[in-house]
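Chemist:
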Amino acid sequence: MPRLADLWFRLKAALFPGRFERELDREIGFHLAMQADELRKQGLPPEEARREAQRRFGGLARERETIRDAWGVGWIADARTDAARTLRHLLRRPGSAMLGIVTLAIGIGATVAIASVARGLLLRPLPVRDEAGLRVFWSDYNWRGVEFDFAKERLQAFDRLAAFSTDLATLRTDQGGVAVMHGVVSAELFDVLGTAPQLGRTFRAGEDRPGAEPTIVLSHQLWQNELGGAPDIVGRRIVLGGEPTTVIGVMPRGFYFPAPEFRAWRPLMLDPAASDYQGNGWLVLLGRVSRAAGEPAVAGDIAALAKALGERFTYPVAWDKTKGAYVRTLRQYLHGDARPVLLLLLGAVAMVLLMACANTAALILARTTDRAGELSLRVALGAGRGRLIRQIVTESLVLSSLAGLLGATLAASLFGVLVARLPLGTFGGLLRMDWAGFLIAFGLSIAVGLLVAALPVRALLQGRLAGIAGERSSPGLRRGPGRAHPVLVGVEVALAVILATGSALFVRSVAKLAAIDPGFDPTGVVAVTLVTSESEMPGEVRRQLFRDAVERAGAVPGIVHAAVVSRLPVRDGGWQGPVEIEGRADLDGPNRPNSLFRPVSPAFFDALGIAIVRGRGFEPTDRQGGQAVTIVSEGFARLAWPGQDPIGRRIRTGVTGDTTWTTVVGIAEEARLVRLTGDNPLVMYVPMEQLPFALPGVNVVARASGDPDAALAAITRSLRGLDPRIAIDRPTNLGAAIETSLAEPLRLRFLLSLFAVMAVTLGAVGVYGVVSYAVARRQAEFGVRLALGATPSRVVAEVVGGGMRPVIVGALGGLAGAALLARSIAGFLYGVTPADLPSYLAATGALLLAGLIASVMPGWRAGRVDPVRALRAD
Amino acid sequence: MGTESWVIRGTLDMLILKLLSLEPMHGWGIAERIQRLSGDTLRAQQGSLYSSLHRLTREGWIRSWWAETENGRQARYYELTRAGARQLAHETSQWERLAAGVARVMTATV
Chain L
403 MPRLADLWFR LKAALFPGRF ERELDREIGF HLAMQADELR KQGLPPEEAR
453 REAQRRFGGL ARERETIRDA WGVGWIADAR TDAARTLRHL LRRPGSAMLG
503 IVTLAIGIGA TVAIASVARG LLLRPLPVRD EAGLRVFWSD YNWRGVEFDF
553 AKERLQAFDR LAAFSTDLAT LRTDQGGVAV MHGVVSAELF DVLGTAPQLG
603 RTFRAGEDRP GAEPTIVLSH QLWQNELGGA PDIVGRRIVL GGEPTTVIGV
653 MPRGFYFPAP EFRAWRPLML DPAASDYQGN GWLVLLGRVS RAAGEPAVAG
703 DIAALAKALG ERFTYPVAWD KTKGAYVRTL RQYLHGDARP VLLLLLGAVA
753 MVLLMACANT AALILARTTD RAGELSLRVA LGAGRGRLIR QIVTESLVLS
803 SLAGLLGATL AASLFGVLVA RLPLGTFGGL LRMDWAGFLI AFGLSIAVGL
853 LVAALPVRAL LQGRLAGIAG ERSSPGLRRG PGRAHPVLVG VEVALAVILA
903 TGSALFVRSV AKLAAIDPGF DPTGVVAVTL VTSESEMPGE VRRQLFRDAV
953 ERAGAVPGIV HAAVVSRLPV RDGGWQGPVE IEGRADLDGP NRPNSLFRPV
1003 SPAFFDALGI AIVRGRGFEP TDRQGGQAVT IVSEGFARLA WPGQDPIGRR
1053 IRTGVTGDTT WTTVVGIAEE ARLVRLTGDN PLVMYVPMEQ LPFALPGVNV
1103 VARASGDPDA ALAAITRSLR GLDPRIAIDR PTNLGAAIET SLAEPLRLRF
1153 LLSLFAVMAV TLGAVGVYGV VSYAVARRQA EFGVRLALGA TPSRVVAEVV
1203 GGGMRPVIVG ALGGLAGAAL LARSIAGFLY GVTPADLPSY LAATGALLLA
1253 GLIASVMPGW RAGRVDPVRA LRAD
Chain A
522 MGTESWVIRG TLDMLILKLL SLEPMHGWGI AERIQRLSGD TLRAQQGSLY
572 SSLHRLTREG WIRSWWAETE NGRQARYYEL TRAGARQLAH ETSQWERLAA
622 GVARVMTATV
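Keeping their order, the protein sequence lines are chains L and A.
Residue 525 in my numbering is what sits at position 123 of the first sequence, and the numbering runs on without skipping anything.
Residue 552 in my numbering is what sits at position 31 of the second sequence, and the numbering runs on without skipping anything.
#1: Who are Leu-620(L)'s beta bridge partners in DSSP?
#2: Over the uninterrupted alpha helix (DSSP H) stretch that includes Glu-440(L), give me the two end residues.
#3: Can you have a look at Arg-874(L) and say buried or exposed, based on whether 16 or more other CB atoms are within 10 angstroms of its CB?
#4: Can you give me the C-alpha to C-alpha distance between Val-367(L) and Ala-763(L), rounded to a whole angstrom?
#5: Can you tell me which of the three DSSP states Met-546(A) falls into?
#6: Pull up the CB-CB distance for Val-1172(L) and Arg-1187(L), whole angstroms please, since I reckon it's below 8 Å.
#7: With a floor of 3 residues, list each beta strand (DSSP E) that falls wholly inside the segment 486-571 of chain L, ordered by position along the chain.
#8: Cβ closer than 7 Å: which chain A residues qualify as neighbours of His-622(L)?
#9: For Val-586(L), which residues in the same chain have their Cβ closer than 8 Å to its Cβ, ignoring the five residues on either side in sequence?
#10: So what does Pro-646(L) bridge to, in DSSP terms?
#11: Does the contact criterion of 3 or more C-beta pairs under 8 Å hold for the segment 1069-1077 of chain L versus the segment 1013-1026 of chain L?
#12: Any beta-carbon of chain L closer than 8 Å to the one on Ala-596(A)?
#13: In the structure shown, what three-state DSSP assignment does Pro-612(L) receive?
#14: Please state the DSSP three-state secondary structure of Gly-683(L).
#15: Quick one: using the 10 Å Cβ neighbour count with 16 as the cut-off for buried, is Asp-990(L) buried or exposed?
#16: Can you check which of these residues, His-491(L), Arg-639(L), Glu-450(L), Val-795(L), is closest to Asp-480(L) by C-alpha distance?
#17: Measuring straight from C-alpha to C-alpha, what distance separates Lys-709(L) and Arg-1074(L)?
#18: So Gln-595(A) is in the beta strand (DSSP E); what residue range does that whole segment cover?
#19: Could you run through the segment 537-548 of chain A and flag, in chain order, every residue whose CB is less than 9 Å away from some CB of chain L?
#20: Could you name the residues of chain L that Arg-576(A) contacts, counting a contact when the two beta carbons are closer than 7 Å?
#21: Are the C-beta of Tyr-599(A) and some C-beta of chain L separated by less than 8 Å?
#22: Secondary structure at Gln-1181(L), three-state DSSP: helix, strand or coil?
#23: With DSSP run on the structure shown, which of helix, strand or coil describes Thr-934(L)?
#24: Can you grab the Cα-Cα spacing for the pair Gln-734(L) / Gly-522(L), in whole Å?
#25: For Met-627(A), count neighbouring C-beta atoms within 10 Å of its own C-beta (all shown protein chains included) and say buried if the count is 16 or more, exposed if not.
#26: Gly-420(L) CB to nearest chain A CB: under 8 Å?
#27: Can the beta-carbon of Ala-705(L) be found closer than 8 Å to that of Ala-676(L)?
#28: Taking Cβ-Cβ distances below 9 Å as the criterion, which residues of the segment 547-563 of chain A are in contact with chain L?
#29: What separation, rounded to the nearest whole angstrom, lies between the Cα atoms of Val-1169(L) and Met-500(L)?
#30: Can you give me the C-alpha to C-alpha distance between Ala-856(L) and Val-895(L), rounded to a whole angstrom?
#31: Excluding the 5 residues preceding and the 5 following Arg-1052(L) in the sequence, name in chain order all residues of the same chain whose CB lies nearer than 6 Å to its CB.
#32: Taking only the alpha-carbon atoms, compute the straight-line gap between Leu-907(L) and Leu-1231(L) and give it to the nearest angstrom.
#33: Which residues bound the beta strand (DSSP E) around Asp-1131(L)?
#34: Taking Cβ positions, are Thr-575(L) and Thr-934(L) nearer each other than 8 Å?
#35: Select from Ala-620(A), Lys-539(A), Tyr-571(A) the residue whose C-alpha is nearest the C-alpha of Gly-605(A).
#36: Using the beta-carbon of each residue, which ones in chain A are nearer than 7 Å to Glu-429(L)?
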């Protein structure tokens, strides 16, 4: 127990020094008063008695100091002194220390920011019960109602199965139409997710079947922001897509599915009599694994389902559901893309942090050596090693805490940049830089401070710190400053080479990506999505609305061409369906090729800048009742009619439920409508006017001659006035959207380039610091040798050679490391192999050059050492 | 000062513990008592006395409180704790062994 009491006492003394001092004053005062009383009794006059009492007590200040020592808080006072000294040094000679602080702050800041994003995305629980039990089936947005019902009956390892899709519809509010992205879900979905509503209820069995009343579940956000947060919302009717729909529940705040931008959920309509039940798939399947079932049971279930599907249905080759059947966890499904990117960045940032640590360690070591004189003086005056070690640790902690403070600030701003620049979609909005991030920053800086102090402390313990072991008295005749420095430099250079190589690979990848011709000119192309209220607006009304929209958009000043299209290139991706080609029996049945299907208005090709390379474009005369026409992409023509004239050939699809043959009237330039990389799908364009039905919504696209953003605002304003029953949303600058699709490599290039620049700089700083340190230590030796007739150039060569040795070794190690690690980033590269020689050469060259410059500068100083002054300095 | 000598460093703690085992007292009282009981041969340096008192408090062997003396002054009184009593026993036996050893050496004849 005394131990604990001891600690308690010290703690009190450290925390309340004022109280302890006051009590000591009173205690001494009492003693002096008693002494004076006694002296007075012996006959001394009061004034003299008081002075004599003081005299007998001894030097007050010194005695007090002795007493204070007994409080056992000396180390705290020492720490305060050391910290103050460090800060004074820092203010007096900020150069090298600031360099260390800033590099460390960058390392800490970057690590914390990326770790916070990673933590939020990879570890933050999804808003569902027991997310580990949820599995998403293969083939996204590709399951049909009939397959869903078929699968439901056959799965044993799953408790429940749900299906969902997504949609965009207009919600009528007091302020006008609002476009609402929402989930379209089977009745089981909320049971499968296991999340209870905040108000009301979720869907009941049968509410997704024919005859059910239209119902909807709202997100907390939609309820609050668009519907005023009315407490009696449950049971009220809202108008969604023109249809009066009863609100049955509100989900709790923070709930989202499948992504934060989906703000409501309405039931699917699974009607075996409806054409889309049997037709093309549009659903995602999500199941909850039963508690009893293990992974093998799940895998067995999935394999059996794939087989059963193959027996029951026939699939075209291109999307054969019996192949590649697998299930993913919900988290993999939602965040799958971001995970490897984050892990990559975490790895890179860890390397930067390591380098910053190495630099700071070298810096502190050098500073300690710089003050060898002061330290040896203090040893001579009786300061113990323990005291010196405490000083080094305090100093290191002060520097690293400053770096941690700066790093936390940096992390907060870097976090914002990361969230904006990483491919997180709307999930970025869920991420917050919370107290944990700052805690990590602080903890990290303390850990780094201790780590960094370890090196000089070790040197001190081994008596290798110059000066303390008396080295300085036999100036510089010994070589070998210990192994720590060259090893630090070597490791730093190796890490820098790895980072620089990775970055070079990305830079070259992006250069190749940027050279891709998307087949259209996205610059200046703007688009908005127009959503109608389907059930209130009959097909003919919608058709007319789309015509009016094209006209209005075209009338906006600065707009050159305006058109409508079902889906926007690149941003929207797209669904593909099988096409039957007349006269190609070999491409029939399961061998039918898949093609994108794009209803467009005539000006689409001009608006996007897609050339018609053969035949004609669409004309306003291509309407219903006329000849059904189509324009196909060059790739389509090559596959269907190799070496022949495609014009006049006929194709058909079942997509629209219309099976009339359409005649090819033109060939469009190959345009990348879905993704900029990889195989380009076939495309068939049809006139929107010839669709047998009107779409519920379209994208209005236009080419602006001036500022795209101004044009976008003008179009949005102009279209809003068309009809109160529509909503205008998702304003898109296509040039920017393309950049987004290039974004992943582009953003990675940005971040990794940043890291590479930091790595090369840190590497150079490290080499410079260490070589300067070695030169400073060997000043006397150089002085002697120059005095004895060594040429300055020889001294310079020796210093540079000594500095470059660890650089070269480190660079070779880094090359090997980079070659090993490059394979893991192969998936992010485009048009560049992981073994791309120029990248390796550039990275290694940069580091060698930086190392050379960093060694030549102090080497130059070494060659100009004045022998007389160098020797006198000791 | 003549025959007075300063208390040997290290034995002061033991003397304090011993005195406090008799009754609680304040710093001045301890100093007085050491001087008087040792027949004016021992005298504690004031700084070391209070330093010892504070260190012993820290160790948990004595504890202190403020109280009024008979002539109306506020003084800090110290008393022995149970751990302090154990420590005193320990130090006493150590001292006896040391003293006996020293005595044997000093009375050696060969």
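For glycine and all other residues, C-beta sits at the position ideal for the given N, C-alpha and C.
Because the structure is a prediction, the values reported are computed rather than measured.
Modeler: Reading from the atomic positions:
#1: In the DSSP assignment, the residues bridged to Leu-620(L) are Val-652(L), Ala-666(L).
#2: 419-443 is the extent of the alpha helix (DSSP H) around Glu-440(L).
#3: Residue placement at Arg-874(L) is flagged as unreliable, the pLDDT there being 42, under the threshold of 50; the coordinate-derived value follows with that caveat. Answer is buried; the Cβ neighbour count reaches 16.
#4: What the structure shows of chain L is the stretch from 403 to 1276, and residue 367(L) is not part of that stretch, so it cannot be assessed.
#5: Three-state result, Met-546(A): strand.
#6: In fact, because the Cβ distance is near 21 Å, the residues do not count as touching under 8 Å.
#7: Counting only runs of 3 or more, we get 536-539.
#8: Within 7 Å Cβ-Cβ: nothing; His-622(L) doesn't reach chain A, min ~57 Å.
#9: So the list reads Phe-566, Ser-567, Thr-568, Asp-569, Trp-667, Arg-668, Pro-669, Leu-670, once near-sequence residues are dropped.
#10: Answer is Val-641(L).
#11: Under the Cβ criterion (8 Å, minimum of three pairs), the segment 1069-1077 of chain L counts as touching the segment 1013-1026 of chain L.
#12: Yes, Ala-596(A) counts as interfacial toward chain L.
#13: In the structure shown, Pro-612(L) sits in coil (DSSP, three-state: anything other than H, G, I, E or B).
#14: In the structure shown, Gly-683(L) adopts coil according to DSSP, grouped into three states.
#15: Its Cβ having fewer than 16 others within 10 Å, Asp-990(L) is exposed.
#16: Cα-wise, what sits closest to Asp-480(L) is Val-795(L).
#17: In a straight line, the C-alpha of Lys-709(L) is about 35 Å away from that of Arg-1074(L).
#18: Its beta strand (DSSP E) spans residues 595-601.
#19: Near chain L, meaning a CB-to-CB distance below 9 Å, the residues of the segment 537-548 of chain A are His-547, Gly-548.
#20: Ala-472, listed in chain order.
#21: Among the residues facing chain L, Tyr-599(A) is not included, as its CB has no counterpart in that chain under 8 Å away.
#22: DSSP, read as helix, strand or coil, puts Gln-1181(L) in helix.
#23: If DSSP states are grouped into helix, strand and coil, Thr-934(L) belongs with coil.
#24: The straight-line gap from Cα to Cα measures roughly 14 Å.
#25: Exposed, by the Cβ-count rule.
#26: Not one chain A Cβ lies under 8 Å of Gly-420(L).
#27: No, these two residues do not count as a Cβ contact at 8 Å.
#28: Going along the segment 547-563 of chain A in chain order, one finds His-547, Gly-548, Trp-549, Gly-550, Ala-552, Glu-553 with a Cβ nearer than 9 Å to chain L.
#29: Each residue's Cα considered, the two are about 17 Å apart.
#30: One C-alpha to the other measures close to 21 Å.
#31: The beta carbon of Arg-1052(L) sits closer than 6 Å to those of Glu-984, Trp-1063, Thr-1065, all from its chain and outside the five residues before and after it, given in chain order.
#32: Per the coordinates, the alpha-carbon of Leu-907(L) lies some 7 Å from the alpha-carbon of Leu-1231(L).
#33: It spans 1129-1135 - the beta strand (DSSP E) in which Asp-1131(L) sits, taken as one unbroken run.
#34: Cβ atoms of Thr-575(L) and Thr-934(L): not closer than 8 Å.
#35: Closest by alpha carbon: Lys-539(A).
#36: Within chain A, the residues near Glu-429(L) are Gly-548, Tyr-571, Arg-597.
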